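Number of protein chains: 2
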Amino acid sequence: MSGGINVAILGATGAVGQELLQLLATRQFPLKNLKLLASPRSAGTTINYSGEELEVEAVAEDSFQDVDLVLASAGSSTSKTWAAKAVAAGAVVIDNSSAFRMNPEVPLVVPEINPEAAAKHQGIIANPNCTTILMGVAIYPLHQVQPIKRVVVSTYQSASGAGARAMEEVKTQSQAILAGETPQPEILPYPLAFNLFPHNSPLNEQGYCEEEMKMINETRKIFNAPQLSLSATCVRVPVLRAHSEAINLEFEQPFAVQQARDIIAQAKGVKLVEDWQANYFPMPIDATGKDEVLVGRIRQDLSHPCGLELWLCGDQIRKGAALNAIQIAELLLQENWLKTTNSKVVV
Amino acid sequence: MSGGINVAILGATGAVGQELLQLLATRQFPLKNLKLLASPRSAGTTINYSGEELEVEAVAEDSFQDVDLVLASAGSSTSKTWAAKAVAAGAVVIDNSSAFRMNPEVPLVVPEINPEAAAKHQGIIANPNCTTILMGVAIYPLHQVQPIKRVVVSTYQSASGAGARAMEEVKTQSQAILAGETPQPEILPYPLAFNLFPHNSPLNEQGYCEEEMKMINETRKIFNAPQLSLSATCVRVPVLRAHSEAINLEFEQPFAVQQARDIIAQAKGVKLVEDWQANYFPMPIDATGKDEVLVGRIRQDLSHPCGLELWLCGDQIRKGAALNAIQIAELLLQENWLKTTNSKVVV
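Top line first, the protein sequences correspond to chains A and B.
Residue 1458 is where the first sequence starts when you use my numbering, and the numbers rise one by one after that.
Residue 1458 is where the second sequence starts when you use my numbering, and the numbers rise one by one after that.
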């Protein structure tokens, strides 16, 4: 590791942390030094990075000395505790948690959508919610051509969105059910194997769960469209990895289906996957491990003259989290936006 | 078996046929004689019905002599072949296939919605598509209070909707994947274990699949609302039994959420399942084997002032097929509508 910048990964042992490491290597991110940080519980373990065994350190007050960039994916409370300290030590933090996303002084960035927002950072840049990123990259190219008026989305979210242990639980639960047993859920609140349930994040007074409100509020912020109407129904399904979404879009004027297909086919970060003859469209197993969000079944909405229906699958750990964070980091380097001379603690 | 009427089940060995038999027994349907019919392939096997071993007969020209009622669930082509012959022999046919559903001379009946339509039958009454029935019983009570203007629905359909063999395939596929193998799908077109895919029924030129068009066209017919706007996205998920649906409703005027909850709580055929404190709502495993469609998460749609969101799970073999057919039969008996003096062959 020579040249480049000093990077720390906070939450290196988690699912997103592991994906971040893999992407830093495969994308040949210009690293000078790489520091792996985690909770004291995970400290001391080693992780192989491009042939080097790196020791995971417990995050501490002096962890951010000489660190240029922190990629944080250790959850909201960890980010709230450490992000300001990292910024105070001179680092820029790209935070994968929800801690700062709706803070008006923190840019919420999807590089395919609002790269310019990253320029205004004051030390922290937030990485959006996974389902929000996947939907955003798929529908923003259409929004640019004709502003979207209303979005109604239903999600099909995989177990891995609830963490690696939830993914394991679905496997062991499936095994037990196939053996005729009745396993008790431990990580997830209800059985997920051969079952599904509405997303179990906390509900607000209107009956929307946090995941749904993230899709609504974060999309408005990323699109810089505070008046955009959105509704979401988020559902956890027994898929191991990659989320799917059925999206109904309403425009002011009719949007020609062929034009929509052409736009998606040429847009960055998405891939048009439609074989109408074979009845083959995006599936989670095909989206797993892919950078692009797979989009298909683009149809004229038969219930509204100005509506379009579309279907997507995307890897929520990759583009929905780690890849988007790395792309933000690459953007900062490319545009020379890493300097934080105007940094202030935003929390 | 004494008193009552002579019933024949066409397709007695299938999943819906089995459910029909169970419901005839548990609901103490007034049977005089019960005849089990199936394809020559299944003929000769015996099925236990309330302690009696009944032999399955191959359906033939003389099968419908002295039969008052045929419950047909052997698929569209079988119904097309035999329904008219049964009617000519003096029987009334309640047909679970799609063969006659959109025939303007054939009533398409959900007893909680349009029982009066059954009175006009000319020998054949069609049982609607399963996802259509489940949605219909859930939203019609609201439609009665204030007409629904537009429906946008996304489905989460279980493997059993594609038949008992598809359900078995999901199990064996899951087992194989858990053992590290890569099984090839045989019944379903793509792997369904730990995966999902858009419903694989044939697509029309507008990109809607047959299942989606059934939801659109059959709902209009059952509701007697030809102008009702509907769009649907149907998705097959790795759930064994019971379908789920995320439904977005638009009305002409705002619909108070509490009123909607009260209506659903009192409506026939549905059960309000909402524990907002415990974040507990309808799930397929809880809907399995239940007569009622479980409805919950009734919310004001944040994207539209006249919108409501709701979520349902229902057993598509029970209320989505067999139970609805039995309820139609019970209605015919109760209203003395079994006579087919005006019968004519409608095909």
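For every residue, glycine included, the Cβ atom is placed at its ideal position computed from N, Cα and C.
The model shown is predicted, which means the values in this text are computed figures rather than measured ones.
- Residue environment: glutamine 1710 (chain A) is assigned as exposed (fewer than 16 neighbouring CB atoms within 10 Å of its CB, all protein chains considered).
- Ranking A:Gln1757, A:Leu1765, A:Pro1762 and A:Arg1698 by CA distance to the CA of threonine 1745 (chain A) puts A:Arg1698 first.
- Pairwise C-beta distances place the segment 1746 to 1763 of chain B out of contact with the segment 1516 to 1531 of chain B, as fewer than three of them are shorter than 8 Å.
- Among the CB atoms of chain B, none fall inside 9 Å of the CB of methionine 1592 (chain A).
- In the DSSP assignment, threonine 1470 (chain A) falls outside any alpha helix (DSSP H) and carries neither an H nor an E.
- At a Cβ-Cβ threshold of 9 Å, phenylalanine 1651 (chain B) and isoleucine 1644 (chain A) do not count as neighbours.
- When secondary structure is reduced to three states using DSSP, isoleucine 1462 (chain A) falls in the strand class.
- Per DSSP, phenylalanine 1708 (chain B) is one residue of the beta strand (DSSP E) stretching across 1700 to 1708.
- If you check the CB distance, glycine 1474 (chain A) and isoleucine 1466 (chain A) come in under 9 Å.
- Distance from the Cα of serine 1686 (chain B) is smallest, within the candidate group B:Gly1471, B:Val1544, B:Leu1565 and B:Arg1607, for B:Arg1607.
- In this structure proline 1564 (chain B) is not in contact with isoleucine 1551 (chain B), their Cβ atoms being roughly 10 Å apart against a cut-off of 8 Å.
- DSSP, read as helix, strand or coil, puts cysteine 1770 (chain A) in strand.
- Within its own chain, the residues whose Cβ lies closer than 8 Å to the Cβ of threonine 1629 (chain B), once the five positions on either side in sequence are excluded, are Pro1640, listed in chain order.
- Secondary structure in the segment 1716 to 1768 of chain B: the beta strand (DSSP E) runs of 3 residues or longer, each lying completely within the stretch, are 1727 to 1729 and 1750 to 1757 in chain order.
- A straight line joining the alpha-carbon of serine 1530 (chain B) with that of proline 1604 (chain A) spans about 48 Å.
- DSSP links cysteine 1666 (chain B) through a beta bridge to B:Leu1660.
- Spanning the alpha carbons of proline 1568 (chain A) and leucine 1729 (chain A) requires a straight line of approximately 19 Å.
- Here valine 1516 (chain A) is buried. Its C-beta has 16 or more other C-beta atoms within 10 Å.
- Each of B:Asn1705, B:Cys1770, B:Lys1671 and B:His1761 was checked against the Cα of leucine 1599 (chain B), and the nearest Cα belongs to B:Asn1705.
- DSSP lists A:Glu1509 as the beta-bridge partner residues of tyrosine 1506 (chain A).
- Per the DSSP secondary-structure output, arginine 1607 (chain B) pairs in a beta bridge with B:Ser1686 and B:Glu1707.
- For valine 1602 (chain B), no beta strand (DSSP E) run applies; the uninterrupted alpha helix (DSSP H) run containing it begins and ends at 1587 to 1602, by DSSP.
- Closer than 8 Å at the C-beta level to chain A, one finds these residues of the segment 1764 to 1777 of chain B: Gly1764, Glu1766 and Trp1768.
- Ranked by Cα distance from serine 1760 (chain A), the first of A:Gln1485, A:Val1609 and A:Pro1572 is A:Val1609.
- Chain B has no Cβ within less than 9 Å of the Cβ of lysine 1728 (chain A).
- Counting only residues of its own chain and dropping the five nearest sequence neighbours on each side, alanine 1779 (chain A) has a CB closer than 7 Å to the CB of Val1473, Glu1476, Leu1477 and Leu1480.
- Leucine 1526 (chain B) sits in a strand when the DSSP states are folded into three classes.
- For the segment 1659 to 1686 of chain A, the residues whose beta carbon sits under 7 Å from a beta carbon of chain B are, in order, Leu1660, Gln1663, Gly1664, Tyr1665, Ile1673 and Ser1686.
- Judged by DSSP in its simplified three-state form, alanine 1495 (chain A) adopts strand.
- Selection A:Ile1634, A:Leu1488, A:Pro1646 and A:Leu1790 evaluated against alanine 1735 (chain B) yields A:Pro1646 as nearest (Cα-Cα).
- Residue burial is scored here from C-beta neighbours: glutamate 1662 (chain B) has fewer than 16 other C-beta atoms within 10 angstroms and is therefore classed as exposed.
- DSSP places arginine 1677 (chain B) in the helix class (H, G or I) of the three-state scheme.
- Approximately 6 Å separates the beta-carbon atoms of proline 1655 (chain B) and tryptophan 1768 (chain A); this is inside 8 Å, confirming the contact.
- Residue contact check for threonine 1589 (chain A) against chain B: no CB pair falls below 9 Å.
- Close CB contacts of serine 1611 (chain B) within its chain, under the 6 Å cut and outside five residues either way in sequence, are with Thr1690 and Ala1703 (chain order).
- DSSP places threonine 1639 (chain B) outside both helix and strand once states are collapsed to three, so it counts as coil.
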